[in-house]
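Take a look at the structure set out below.
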Amino acid sequence: MDFYVIVPPPVHCLDVTEAFRSLSKGEKDYVFSCTQASWVGGLIGLIQTSPESAGIFLFIYRFFKSQDVHSFTEEAKKKNFSEEEINYLLSYFASVLGNFGNYLSFGDTKFVPPISLSRVTELLSVNSAFSNPETGLKALWEEVAPALYSLSSRRLRLGFGPTEITTYYSANCTRSDAELIQKYLESIKTEAYNTRLFKNADSKTKVYSLRFASAEKSIQPVSFDALPSDTSLQLEYGDYSELMKLLVDCCKDSKAHSLNQIESDMWHQYAQSFTTGSVTSHKDASRLWVKDKNPVVENYIGFIESYRDPFGVRAEFESFVAVVNRSMSTKFQRLVDNAERLLTNLPWPSTYEKDKFLQPDFTSLDVVTFATSGIPVGINIPNYDDVRQVDGFKNVSLGNVLSARFKDPKSEFLRNEDKQMYVEHAESSFELQVGLHELLGHGSGKLFQRDCDGKLNFDTKTTEDIINGGPVKSWYEPGETYDSKFSSLSSAIEECRAECVGIYLSDLPLVLEQFGLNTDCAQGDVPDVVYINWLSMIRSGVTSMEFYTPAENAGDIGSWRQAHCCARYAILRVLIEADDSMVRIDEVVGEDGAPDLCIFFDRKKLLTVARPAIGEFLRKLQYYKSTANAKDGCAFFQHYSQLLPQHTKLRKIVLDRKKPRPIFVQPGLRQTTNDVELITYPSTYPVLSSHL
3 MDFYVIVPPP VHCLDVTEAF RSLSKGEKDY VFSCTQASWV GGLIGLIQTS PESAGIFLFI
63 YRFFKSQDVH SFTEEAKKKN FSEEEINYLL SYFASVLGNF GNYLSFGDTK FVPPISLSRV
123 TELLSVNSAF SNPETGLKAL WEEVAPALYS LSSRRLRLGF GPTEITTYYS ANCTRSDAEL
183 IQKYLESIKT EAYNTRLFKN ADSKTKVYSL RFASAEKSIQ PVSFDALPSD TSLQLEYGDY
243 SELMKLLVDC CKDSKAHSLN QIESDMWHQY AQSFTTGSVT SHKDASRLWV KDKNPVVENY
303 IGFIESYRDP FGVRAEFESF VAVVNRSMST KFQRLVDNAE RLLTNLPWPS TYEKDKFLQP
363 DFTSLDVVTF ATSGIPVGIN IPNYDDVRQV DGFKNVSLGN VLSARFKDPK SEFLRNEDKQ
423 MYVEHAESSF ELQVGLHELL GHGSGKLFQR DCDGKLNFDT KTTEDIINGG PVKSWYEPGE
483 TYDSKFSSLS SAIEECRAEC VGIYLSDLPL VLEQFGLNTD CAQGDVPDVV YINWLSMIRS
543 GVTSMEFYTP AENAGDIGSW RQAHCCARYA ILRVLIEADD SMVRIDEVVG EDGAPDLCIF
603 FDRKKLLTVA RPAIGEFLRK LQYYKSTANA KDGCAFFQHY SQLLPQHTKL RKIVLDRKKP
663 RPIFVQPGLR QTTNDVELIT YPSTYPVLSS HL
């Protein structure tokens, strides 16, 4: 069944041993403090995933605190439960912890145990604490189990009610409600990152409650001219209040263990933000974070990424703590040093680029802690447009995540003649793509803006409309952001823009030299690593079809459940449209006799057809983003992201052949009298142990 959890889930352990060993006592203490803050704040992510996720997590935690995994497994075998049944249960619990909830972090679909509720309850009873009324375990299980097992249509995927489920909005909130309250937020010039929206409606009145995450509680009625006469709005501070109070205490402890004054001031601003719900204070903390150049210990915390908000403006809480890998960081710094030269190779004029390139940090980090539903391989943050445009940003490549992911590179759907080359170059090409994607993808381009005084941040005389000709006629007004303008498509379009930059620039000798990669190739050809980078993107566009949900009704359009997948499929569409003989997805019979796919990419056309096509597509994406032209920009992107009718059959083969995404197991930390110890988990179900 599609919604059964994978048994057993693939598990990759994040190795940070060498990097952690090199830290001083003070640096280890700082890592420990930051990690405490990360995991406390990360609990908010459980509440954000689904109504039942926090309860499931609490049950798992209490259950295995009362009896460890090994002891429970042995006891269950003695009571004649099969190894298969035990694995079903442990796989489910491990997947909940690995995804920070009971919905997949990549795809936002629900997963359930492949074993009946009655049998699971019998299995849980092996632990004597389960049936002991004093522990409350059985009562907690009975409370969460109905929702945990429910496969009603509304609970299958995350999204707006009434057809799907989300905790960012009450079940009766619609997209039009989100749009209305977004106008209010723009009018007071603030963002929605740390908010949720609830609507209380009866036959006569409608009350919107905009909830801000904060330790302090208060309710403030506000007026807004755009509200209908029978509608009121109140700002409610104190969402997640109890957790936010604990988080503020952790911030103060991290401040006390900071390694320099900038970090101390940064944690002070974090504490202010989490106390009051102020986005401004979090922006101030982010500005300080950007100024903290080349730290040994790196961390960032808050409501960061808006992928899971169906409207695209409210963010999931996440936090990471990592140690700099100096040798790996050297090559990224070389890329930064050449960034201004490389930016001139992008397919738009200098007027569409920031007035001054603010040279960012670009470091390779080994993750110690990442409290989030899904760990990325690269990050470009902060996401605040005003901070990025004026103060800059940081780029991060998560080295131990990348190396863990490529221990066994997937090569399905590739031709036999491409597979060996792919295995040889997959990790290097992905490292190349991540570097370009983060630094010159997310880090490039200017937003045309008008400030509160009516002043534009660009010269109307010299800045041309690069699509229609003539002067630029649209820009961001005060209070508007890229996310608020492009809404639910903002993440997919931005990820697509960054991915396009990555492949578009990857053949430049100057780029390859910074990564220590071979630049030798025949005239009109590209090095193998560049070919594999493009082929990997095409393959990702094919495998991304898994995350497309077809329309249920004729005439409707389907939807994408993951921004990166939508982005990569759009790139595939661009290349097919440019020349359908250059990129083919052939139906074949696999070695197992079942339907399979085989991707053909004409390497000879990479420079002459593929690169120019992506360049033109990328130019238009940047134009729409720079000029705040969401209406035309979204329509343009939707043309390429809509699944082609002929790909519907291919999607079924992709689903039949899909490979599960791995769960990452993070190390633990133990504070002793004289040191902080790193704890690793090599056992069968390490993700369970690492969370306990």
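46 is the number that the numbering used here gives to position 44 of the sequence shown; each next residue is one higher, with no gaps. Beta carbons are placed, not taken as given, at the ideal position from N, Cα and C, and that holds for glycine.
Given residue i as reference, the closest of the options once Cα atoms are compared
{"i": "Ser256", "options": "Glu244, Ile578, Leu245 and His270", "result": "His270"}
{"i": "Pro10", "options": "Glu497, Ser93, His439 and Ser26", "result": "Ser93"}
{"i": "Ile469", "options": "Asn347, Glu479, Val315 and Glu618", "result": "Glu618"}
{"i": "Thr346", "options": "Leu507, Asp294, Ala565 and Arg672", "result": "Leu507"}
{"i": "Pro230", "options": "Lys219, Thr207 and Ser211", "result": "Thr207"}
{"i": "Gln335", "options": "Ser490, Trp143, Met268 and Glu515", "result": "Glu515"}
{"i": "Glu181", "options": "Gln525, Asp530, Ser220 and Glu482", "result": "Glu482"}
{"i": "Ala494", "options": "Asp527, Cys568 and Asp522", "result": "Cys568"}
{"i": "Ile578", "options": "Gly595, Thr332 and Val611", "result": "Val611"}
{"i": "Gly138", "options": "Tyr63, Gly437, Val71 and Glu479", "result": "Tyr63"}
{"i": "Phe214", "options": "Phe305, Pro349 and Asp294", "result": "Phe305"}
{"i": "Arg653", "options": "Ser154, Phe432 and Asp588", "result": "Asp588"}
{"i": "Ser288", "options": "Phe359, Phe395 and Thr371", "result": "Phe395"}
{"i": "Pro597", "options": "His649, Asp658, Ser643 and Ala615", "result": "Asp658"}
{"i": "Lys191", "options": "Asp387, Pro411 and Ala78", "result": "Asp387"}
{"i": "Phe95", "options": "Glu479, Phe65, Asn82 and Tyr354", "result": "Phe65"}
{"i": "Leu119", "options": "Leu91, Gly109, Thr111 and Ser97", "result": "Leu91"}
{"i": "Ser561", "options": "Ile505, Tyr354 and Ser643", "result": "Ser643"}
{"i": "Val656", "options": "Thr233, Cys600, Ala373 and Arg672", "result": "Cys600"}
Distance, residue j Cα to residue i Cα
{"i": "Ser538", "j": "Pro12", "result": "21 Å"}
{"i": "Lys140", "j": "Phe450", "result": "57 Å"}
{"i": "Pro662", "j": "Ile8", "result": "7 Å"}
{"i": "Ala556", "j": "Leu290", "result": "Because the pLDDT at Ala556 is just 49, under 50, the model does not fix this residue reliably, and the point stays unresolved."}
{"i": "Thr165", "j": "Tyr302", "result": "35 Å"}
{"i": "Arg541", "j": "Val585", "result": "10 Å"}
{"i": "Ile681", "j": "Val591", "result": "46 Å"}
{"i": "Ile1", "j": "Leu623", "result": "The requested residue 1 does not occur in the structure, where the chain is confined to residues 3 to 694."}
{"i": "Leu434", "j": "Val544", "result": "21 Å"}
{"i": "Leu690", "j": "Tyr186", "result": "43 Å"}
{"i": "Phe22", "j": "Tyr683", "result": "16 Å"}
{"i": "Glu320", "j": "Pro647", "result": "38 Å"}
{"i": "Lys201", "j": "Asp179", "result": "9 Å"}
{"i": "Ser107", "j": "Gly376", "result": "5 Å"}
{"i": "Lys517", "j": "Val128", "result": "Strictly speaking, residue 517 in this sequence is Phe, with Lys absent from that position. Roughly 54 Å separates the two Cα atoms."}
{"i": "Ile183", "j": "Val298", "result": "41 Å"}
{"i": "Asp530", "j": "Val425", "result": "12 Å"}
{"i": "Asp581", "j": "Asp420", "result": "20 Å"}
{"i": "Tyr533", "j": "His14", "result": "28 Å"}
{"i": "Tyr171", "j": "Asp241", "result": "13 Å"}
{"i": "Val513", "j": "Leu442", "result": "11 Å"}
{"i": "Asp363", "j": "Leu153", "result": "45 Å"}
{"i": "Glu300", "j": "Cys252", "result": "16 Å"}
{"i": "Phe61", "j": "Val292", "result": "39 Å"}
{"i": "Pro669", "j": "Phe322", "result": "13 Å"}
{"i": "Lys27", "j": "Glu193", "result": "39 Å"}
{"i": "Leu212", "j": "Thr197", "result": "7 Å"}
{"i": "Ser446", "j": "Leu249", "result": "34 Å"}
{"i": "Lys80", "j": "Leu125", "result": "12 Å"}
Cβ distance (whole Å) where residue i is taken to contact residue j below 8 Å
{"i": "Val122", "j": "Glu54", "result": "The Cβ separation is near 15 Å, so there is no contact."}
{"i": "Leu608", "j": "Trp536", "result": "6 Å"}
{"i": "Thr551", "j": "Arg570", "result": "At roughly 16 Å, the Cβ-Cβ gap does not stay under 8 Å, so Thr551 and Arg570 are not in contact."}
{"i": "Leu404", "j": "Val369", "result": "Not confirmed; about 10 Å, so no contact."}
{"i": "Val113", "j": "Tyr6", "result": "Strictly speaking, residue 113 in this sequence is Phe, with Val absent from that position. At roughly 7 Å, the Cβ-Cβ gap stays under 8 Å, so Phe113 and Tyr6 are in contact."}
{"i": "Lys627", "j": "Tyr484", "result": "6 Å"}
{"i": "Phe488", "j": "Ala637", "result": "Rounded, the Cβ-Cβ distance is 12 Å, inconsistent with contact."}
{"i": "Ser283", "j": "Gln274", "result": "4 Å"}
C-beta neighbour in chain B for residue i, strict 7 Å
{"i": "Asn520", "result": "Given the protein chain composition of this structure (a single chain), no chain B is represented."}
Start-end ranges of the beta strand (DSSP E) lying completely within the segment 587 to 642, minimum 3 residues: 597 to 603
Touch test, the segment 258 to 266 against the segment 354 to 368, Cβ-Cβ under 8 Å, three pairs minimum: no
Alpha helix (DSSP H) runs contained entirely in the segment 117 to 171, provided each spans 4 or more residues: 119 to 126 and 139 to 151
Sufficient close CB pairs (3 or more, under 8 Å) joining the segment 245 to 256 to the segment 43 to 58: yes
The segment 373 to 387 touching the segment 430 to 446, judged by at least three CB pairs closer than 8 Å: yes
4 or more residues per run - each alpha helix (DSSP H) lying fully within the segment 477 to 552: List check, alpha helix (DSSP H) in window: 484 to 488, 492 to 507, 511 to 516 and 530 to 545.
Inter-stretch contact (C-beta, 8 Å, three-pair minimum) for the segment 666 to 678 and the segment 22 to 31: Yes: at least three Cβ pairs fall under 8 Å.
Complete alpha helix (DSSP H) runs within the segment 4 to 89 (minimum length 4 residues, chain order): 19 to 23, 27 to 51, 55 to 68 and 71 to 80
Completely contained beta strand (DSSP E) runs for the segment 373 to 436, where each covers 3 or more residues: 380 to 383 and 396 to 400
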